[in-house]
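Number of protein chains: 2
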Amino acid sequence: MEEDLFKALADPTRRVILDELTDRSGQSLFEICARLATRHGLAISRQAVSQHLAVLEAAGLVTTRREGRYKFHDLDTRPLEHIVSRWLTPAPPEDTP
Amino acid sequence: MEEDLFKALADPTRRVILDELTDRSGQSLFEICARLATRHGLAISRQAVSQHLAVLEAAGLVTTRREGRYKFHDLDTRPLEHIVSRWLTPAPPEDTP
DNA sequence: ACGATAGGCAAGTAGCCACTTGCCTATCAA
DNA sequence: TTGATAGGCAAGTGGCTACTTGCCTATCGT
Chain Y
8 MEEDLFKALA
18 DPTRRVILDE
28 LTDRSGQSLF
38 EICARLATRH
48 GLAISRQAVS
58 QHLAVLEAAG
68 LVTTRREGRY
78 KFHDLDTRPL
88 EHIVSRWLTP
98 APPEDTP
Chain U
8 MEEDLFKALA
18 DPTRRVILDE
28 LTDRSGQSLF
38 EICARLATRH
48 GLAISRQAVS
58 QHLAVLEAAG
68 LVTTRREGRY
78 KFHDLDTRPL
88 EHIVSRWLTP
98 APPEDTP
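So the sequences go chain by chain: Y and U. Note that the numbering used here has the first sequence beginning at 8, numbered continuously upward. Note that the numbering used here has the second sequence beginning at 8, numbered continuously upward.
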């Protein structure tokens, strides 16, 4: 859903998570939490990060794979190409809410 | 401001306005209102559109010029290039809210 | 000058969203 | 099996935001 993509990008914390996954894809929830805290000074609860990841997954920006008790998160930037092409290239309008 | 850009893109009505300005740049507030109604079926008040345009202008996506009692709105897509390059190319992370 | 058109300002409201809190399930190590 | 680790679910709360309403200013045509 196109709507989900823009909603996902609207939050600064989610953008930092994308930065984190750009730096190292395939992190678990706890890894992401730790790196948000240590490298970005973000004091944020595990649930908050979990909810952000769900939003990013709904937007197609993150894919997940389960391995035992771990769940790894991988970045998928393909939806992003798709977004700028809407206005940078002469393309027809899309959603009408 | 980077934050303003993503916030601006988060709203579906604002994205349709960008579509409208992509189709024809330099429209006045009333023109945009009319075309949102006729071409997109959006029953939206003039003030709402005005506020949306202010948000788009704060994001740098729209520039305005006054001529008499008219105020024309022009599209500027440059901030958009800037946004996807953050994750599509190996670039350093940015905002930490 | 007067009415009509184009737009601005400000306050109020309703709905959404990020975040927390509390509890629960599942996997692994000892 | 027990405890610890990794994650999920659900309800509640505070703040932000899109939209409306009402009134005001400025420019143009006649």
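Each residue gets a CB set at the ideal place from its N, CA and C atoms; glycine is no exception.
| task | Starting from Arg21(U), follow the alpha helix (DSSP H) in both directions and report where the run begins and ends. | result | Here the alpha helix (DSSP H) through Arg21(U) covers 19–30.
Does chain U have any CB closer than 8 Å to the CB of Ile90(Y)? Contact of Ile90(Y) with chain U is assigned, a C-beta pair being separated by under 8 Å.
Practice prompt. Let me know if Phe37(Y) comes out buried or exposed under the rule of 16 or more other beta-carbons within 10 Å of its beta-carbon.
Written response: Counting the other Cβ atoms within 10 Å of the Cβ of Phe37(Y) gives fewer than 16, which makes it exposed.
query: So which of Ala61(Y), Arg93(Y), Arg73(Y), Lys78(Y) has the shortest CA-CA distance to Asp11(Y)?
result: The shortest CA-to-CA distance from Asp11(Y) to any of Ala61(Y), Arg93(Y), Arg73(Y), Lys78(Y) is the one to Ala61(Y).
**Message:** Below 8 Å on the Cβ atoms is my contact criterion, and I expect Asp81(Y) with Ser35(Y) to pass it. Report the Cβ-Cβ distance as a whole number of Å.
**Reply:** Wrong, their Cβ atoms sit about 11 Å apart, outside the cutoff.
- Message: What ranges does the beta strand (DSSP E) occupy inside the segment 50–102 of chain U, keeping only unbroken runs of at least 3 residues that lie completely in it?
- Response: Assignment of beta strand (DSSP E) within the segment 50–102 of chain U, counting only whole runs of 3 or more residues, yields 69–74, 77–82 in chain order.
Compare the C-beta of Thr45(Y) against all C-beta atoms of chain U and say whether one is closer than 8 Å. So, not an interface residue.
Any idea if Arg21(U) is buried or exposed, counting beta-carbon neighbours within 10 angstroms, 16 or more meaning buried?
Its Cβ being crowded by 16 or more others within 10 Å, Arg21(U) is buried.
For this session: State yes or no: is the C-beta of Val23(Y) within less than 8 Å of the C-beta of Leu63(Y)?
Result: No.
>> In whole angstroms, give me the CA-to-CA distance for Ala65(Y) and Arg85(Y).
In response: Between Ala65(Y) and Arg85(Y), the C-alpha separation is close to 14 Å.
inquiry  = Less than 8 Å between the beta carbons of Glu17(Y) and Phe13(U), yes or no?
reply    = Checking the sequence, you will find Ala at residue 17(Y) rather than Glu. In this structure, Ala17(Y) lies near Phe13(U), with their beta-carbon atoms less than 8 Å apart.
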